[in-house]
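Chain order of the listed sequences is D and X. For the first sequence, the working numbering assigns the number 1140 to the initial residue and increments by one for each residue that follows. For the second sequence, the working numbering assigns the number 1140 to the initial residue and increments by one for each residue that follows. Report on the structure given below.
Number of protein chains: 2
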Amino acid sequence: MAASIPVEYAPVPDTRTRILDAAEALFAARGFEATTMRMITSAAQANLASVNYHFGAKESLIEEVFRRRLGAITARMLARLDELERASDSGVIRPSKIVEAFFGEAICAAADEARGGKVFMRLFGRTLTEPNEFVRNFLKREYAIAVERYKQALFRALPGVSPEEIVWRLHFMLGATAHAIAGADALNLLGDEMIAAADADTLYARLMSFLLGGLRAPLPLTGANNVSSAPATPKAASSKRDG
Amino acid sequence: MAASIPVEYAPVPDTRTRILDAAEALFAARGFEATTMRMITSAAQANLASVNYHFGAKESLIEEVFRRRLGAITARMLARLDELERASDSGVIRPSKIVEAFFGEAICAAADEARGGKVFMRLFGRTLTEPNEFVRNFLKREYAIAVERYKQALFRALPGVSPEEIVWRLHFMLGATAHAIAGADALNLLGDEMIAAADADTLYARLMSFLLGGLRAPLPLTGANNVSSAPATPKAASSKRDG
DNA sequence: TCATCATTCAAACAGTTGTTTGAAACCAAC
DNA sequence: GTTGGTTTCAAACAACTGTTTGAATGATGA
Chain D
1140 MAASIPVEYA PVPDTRTRIL DAAEALFAAR GFEATTMRMI TSAAQANLAS VNYHFGAKES
1200 LIEEVFRRRL GAITARMLAR LDELERASDS GVIRPSKIVE AFFGEAICAA ADEARGGKVF
1260 MRLFGRTLTE PNEFVRNFLK REYAIAVERY KQALFRALPG VSPEEIVWRL HFMLGATAHA
1320 IAGADALNLL GDEMIAAADA DTLYARLMSF LLGGLRAPLP LTGANNVSSA PATPKAASSK
1380 RDG
Chain X
1140 MAASIPVEYA PVPDTRTRIL DAAEALFAAR GFEATTMRMI TSAAQANLAS VNYHFGAKES
1200 LIEEVFRRRL GAITARMLAR LDELERASDS GVIRPSKIVE AFFGEAICAA ADEARGGKVF
1260 MRLFGRTLTE PNEFVRNFLK REYAIAVERY KQALFRALPG VSPEEIVWRL HFMLGATAHA
1320 IAGADALNLL GDEMIAAADA DTLYARLMSF LLGGLRAPLP LTGANNVSSA PATPKAASSK
1380 RDG
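In structure tokens form, the structure reads like this:
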């Protein structure tokens, strides 16, 4: 009678995928060193040896966990930058647009729950301060092209600001973003539950506002202050403004 | 003939101190899990069993590494806030002063090389995203009083801004600061050597400028944007400004 | 049906982990 | 010198680490 009814169901992923999913979640929750092979295979309902069979070694598994997601993210980052450059006649883009594209894409990825976004982004944000040299080098290598292009775009967008200054601000923005993404439910040093319950939309709006405010802040007078004694307020200097 | 000549020399610290110093440096460089007892005792030129003799267990050693520095730092943070509150008649302090006191004190501590500042602060900055639950809880407990007082001061200083909004901005500022302190020579995702060679003075000036810019940024219109599609620029709203 | 391939599995591997032990060494006070 | 308490030391502990092995199982195509 009843032919096969097309019901929406979630087929069990193959072992390789189950291992990647489990590893991703555990790495995000407990870090690389603290996550053992046995935790991973147990969570993935796979045999202990299957990790080494499918990935070779733990380090290769870590690489693959990142590679699976990062490729698409950097690709979209670069695509958005391409689009911005196409849309401008002079090749110069408004700084705010650049920042929105770069960091906004990270938030977008974090919001994309369907692709395991939240879990991965927590992992990613945390990994930015990861001590493990192997992980650091891998991340840097994987991200280098996108970062360099956005950096150069910002240099062109802010001709009046020194590259050194711009890199510093990028550094600060990266820190704020990583912390915002990673720390949503991790360490909440501020002890507030408000932070925990945050959807991607409001996080995006708040973070962008903060980042652009920081980017547009008056340039500091470097070298004139003395940190060790009473710190002086950085005097306002001229700064480029963008729409 | 020659009586004992009073020469400036560095006496070898006792085993307990040597262990704490070595552990601090190793934790900062490699993380808690990746640092073994044997690494610590080897660097401290002490016997393996001496860690357990002096501290009991590894977790207790971690606690003591933090306790040794954090007490003085939070004390100075609270003292500066006291001073600010005494100096104001109304009890309301300028937001910039609050931010300068809170985050500036962290930079000051980082600059205080004599007390092992740089090493500890790198450790501290990294620990803000530390997965280890034990470490997280300990840090939160140790820092709770200072954080709460500064938070309340900011609430009073910005009566026009919702507490939720302020906590978010604090969150972002904390991320930027932690990354700036910890990441000076750690992961340099931006691939720039400029970042590495930074003295505390210029770091302070640049960070403060950025943080205050972010704090003063126009409030975002939350809930109106749609992250998933093309993200919209947060529209400017009114915001309190401080001198 | 058979051979071929990829995958799974229980068991073991050598090495490392944090911790404990009990004797030795040290050091002051008597 | 002897005592008593603190600190150091080499050695061992059980538990756990990532990885390997070789046989069993599964699926695929001829």
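Just so it is clear, CB atoms sit at the ideal spot from N, CA and C, and this is done for glycine as well. Being a predicted model, the structure only gives us computed values, none of them experimental.
Worksheet item: If you draw a straight line from the C-alpha of D/Leu1309 to the C-alpha of D/Ala1317, how long is it?
Response: When rounded, the distance between both Cα atoms is 12 Å.
Item to complete: Would you check if the stretch 1337 to 1350 of chain X and the stretch 1273 to 1283 of chain X touch, i.e. whether three or more CB-CB distances between them fall below 8 Å?
Response: These segments do not touch.
Practice prompt. Return the first residue and the last residue of the alpha helix (DSSP H) that D/Asn1271 is part of.
Written response: Careful: D/Asn1271 lies outside any alpha helix (DSSP H) and carries neither H nor E.
Discussion item. Between D/Thr1372 and chain X, is any beta-carbon pair separated by less than 8 Å?
Written reply: Per-residue confidence for D/Thr1372 stands at a pLDDT of 37, beneath the threshold of 50, marking its modelled position as unreliable; no derived number is given.
Worksheet item: For the putative contact between X/Glu1163 and X/Phe1259, defined by C-beta atoms under 8 Å, what is the C-beta separation to the nearest angstrom?
Response: Between X/Glu1163 and X/Phe1259 a beta carbon distance of about 6 Å is seen, short of the 8 Å cut, so the two are scored as contacting.
Worksheet entry | Cβ of D/Thr1268 within 8 Å of any chain X Cβ | Yes, contact with chain X.
Worksheet entry | Residues of its chain near D/Arg1155, where Cβ-Cβ distance is below 7 Å and the 5 sequence neighbours each way are ignored | Cβ neighbours of D/Arg1155 beyond the five flanking positions: His1193.
Discussion item. Would the stretch 1227 to 1241 of chain X count as touching the stretch 1192 to 1211 of chain X if we require 3 or more Cβ pairs under 8 Å?
Written reply: For the pair of segments examined, the stretch 1227 to 1241 of chain X was found not to touch the stretch 1192 to 1211 of chain X: the number of CB pairs separated by less than 8 Å stays below three.
Worksheet item: Would you say D/Ala1172 faces chain X, with C-beta separation under 8 Å as the test?
Response: Note that residue 1172 of chain D is Glu in the sequence shown here, rather than Ala. So yes, D/Glu1172 belongs to the interface.
Worksheet item: With contact counted as at least three CB pairs below 8 Å, one residue from each stretch, are the stretch 1167 to 1184 of chain D and the stretch 1212 to 1227 of chain D in contact?
Response: Here the stretch 1167 to 1184 of chain D does not lie against the stretch 1212 to 1227 of chain D, with fewer than 3 beta-carbon pairs under 8 Å apart.
Item to complete: Specify the secondary structure class of X/Ala1183 as computed by DSSP and reduced to three states.
Response: Three-state result, X/Ala1183: coil.
Worksheet item: Any idea what DSSP makes of D/Leu1278, helix, strand or coil?
Response: Helix at D/Leu1278.
Worksheet item: Of the residues X/Arg1275, X/Leu1217, X/Pro1357, which one's Cα is nearest the Cα of X/Arg1288?
Response: Residue X/Leu1217 is the option with its Cα nearest to X/Arg1288.
Discussion item. Can you tell me whether D/Leu1350 is helix, strand or coil according to DSSP?
Written reply: Helix at D/Leu1350.
Practice prompt. Specify, as a first and last residue, the run of the alpha helix (DSSP H) that X/Leu1220 falls within.
Written response: Looking at the DSSP string, the run of the alpha helix (DSSP H) that includes X/Leu1220 is 1197 to 1226.
Practice prompt. Classify X/Leu1313 as helix, strand or coil using the three-state DSSP reduction.
Written response: Helix, per DSSP.
Practice prompt. Using a Cβ-Cβ cut-off of less than 9 Å, give me the residues of the stretch 1345 to 1358 of chain X that come near chain D, in sequence order.
Written response: Answer set for the stretch 1345 to 1358 of chain X: Arg1345, Leu1346, Met1347, Ser1348, Phe1349, Leu1350, Leu1351, Gly1352, Gly1353, Leu1354, Arg1355, Ala1356, Pro1357, Leu1358.
Practice prompt. Between the Cα of D/Arg1206 and those of D/Thr1174, D/Ala1188, D/Leu1262, spot the shortest distance and give me the residue it belongs to.
Written response: Taking only the C-alpha atoms, the option nearest D/Arg1206 is D/Leu1262.
Item to complete: Please list the residues of the stretch 1307 to 1324 of chain X that have a C-beta atom closer than 8 Å to any C-beta atom in chain D, keeping them in chain order.
Response: So the close ones are Trp1307, Arg1308, Leu1309, His1310, Phe1311, Met1312, Leu1313, Gly1314, Ala1315, Thr1316, Ala1317, His1318, Ala1319, Ala1321, Gly1322.
Discussion item. Distance check for D/Ser1189 and D/Arg1157, CA to CA, integer angstroms please.
Written reply: Those two C-alpha atoms are separated by around 11 Å.
Fill in: For D/Ile1411, the three-state DSSP class (helix, strand or coil)
The first residue shown for chain D is 1140 and the last is 1382, placing residue 1411 of chain D beyond what the model contains.
Item to complete: Between the Cα of X/Gly1243 and those of X/Leu1358, X/Arg1295, X/Thr1180, X/Arg1345, spot the shortest distance and give me the residue it belongs to.
Response: Nearest option by C-alpha distance: X/Arg1345.
Worksheet item: Can you give the beta carbon distance from D/Arg1265 to D/Ala1321, rounded, assuming they're within the 8 Å contact cut?
Response: About 5 Å separates the two Cβ atoms, so the contact holds.
Worksheet item: Is it buried or exposed for X/Ala1196, if we count other Cβ within 10 angstroms and need 16 for buried?
Response: When all chains shown are included, X/Ala1196 counts as exposed.
Worksheet item: How long is the line joining the alpha carbons of D/Arg1208 and D/Ala1285, rounded to whole angstroms?
Response: For D/Arg1208 and D/Ala1285, the distance between alpha carbons rounds to 15 Å.
Discussion item. For D/Phe1311, which residues in the same chain have their Cβ closer than 7 Å to its Cβ, ignoring the five residues on either side in sequence?
Written reply: Excluding positions up to five away in sequence, the list reads Gly1353.
Worksheet item: Does X/Leu1360 get closer than 8 Å to chain D when you measure Cβ to Cβ?
Response: Chain D, which has a Cβ nearer than 8 Å to the Cβ of X/Leu1360, makes this yes.
Worksheet item: With C-beta atoms as the reference, is X/Val1238 less than 8 Å away from X/Leu1350?
Response: The answer is yes: Cβ separation under 8 Å.
Worksheet item: On the three-state DSSP scale, how would you describe D/Ala1325?
Response: In this predicted model, D/Ala1325 has a pLDDT of only 48, less than 50, meaning its place in the structure is not dependable; the value taken from the coordinates is given anyway. Collapsing the DSSP output to three states places D/Ala1325 in coil.
Worksheet item: Between D/Pro1150 and X/Lys1236, what straight-line distance do the alpha-carbon atoms span, to the nearest angstrom?
Response: Their backbone Cα atoms lie some 57 Å apart in a straight line.
Worksheet item: Where X/Leu1297 and D/Leu1165 are concerned, what is the direct C-alpha to C-alpha distance, given to the nearest angstrom?
Response: Approximately 40 Å, taken between the alpha carbons.
Discussion item. Mapping the DSSP letters down to three states, classify D/Glu1172 as helix, strand or coil.
Written reply: In the three-state reduction of the DSSP assignment, D/Glu1172 falls in the coil class.
Discussion item. Am I right that D/Ala1384 and D/Ile1212 are in contact with their C-beta atoms under 8 Å? What's the rounded C-beta distance?
Written reply: The shown model of chain D, from 1140 to 1382, leaves out residue 1384 of chain D, and the question about it has no answer.
Worksheet item: Less than 8 Å separating the beta-carbons of D/Asn1276 and D/Phe1171?
Response: No, the pair does not count as a contact, with Cβ atoms beyond the cut-off.
Discussion item. Looking only at its chain, what residues have a beta carbon closer than 7 Å to the beta carbon of X/Leu1159, apart from the 5 residues adjacent to it on each side?
Written reply: Result list for X/Leu1159: Glu1203, Val1204, Arg1207, in chain order.
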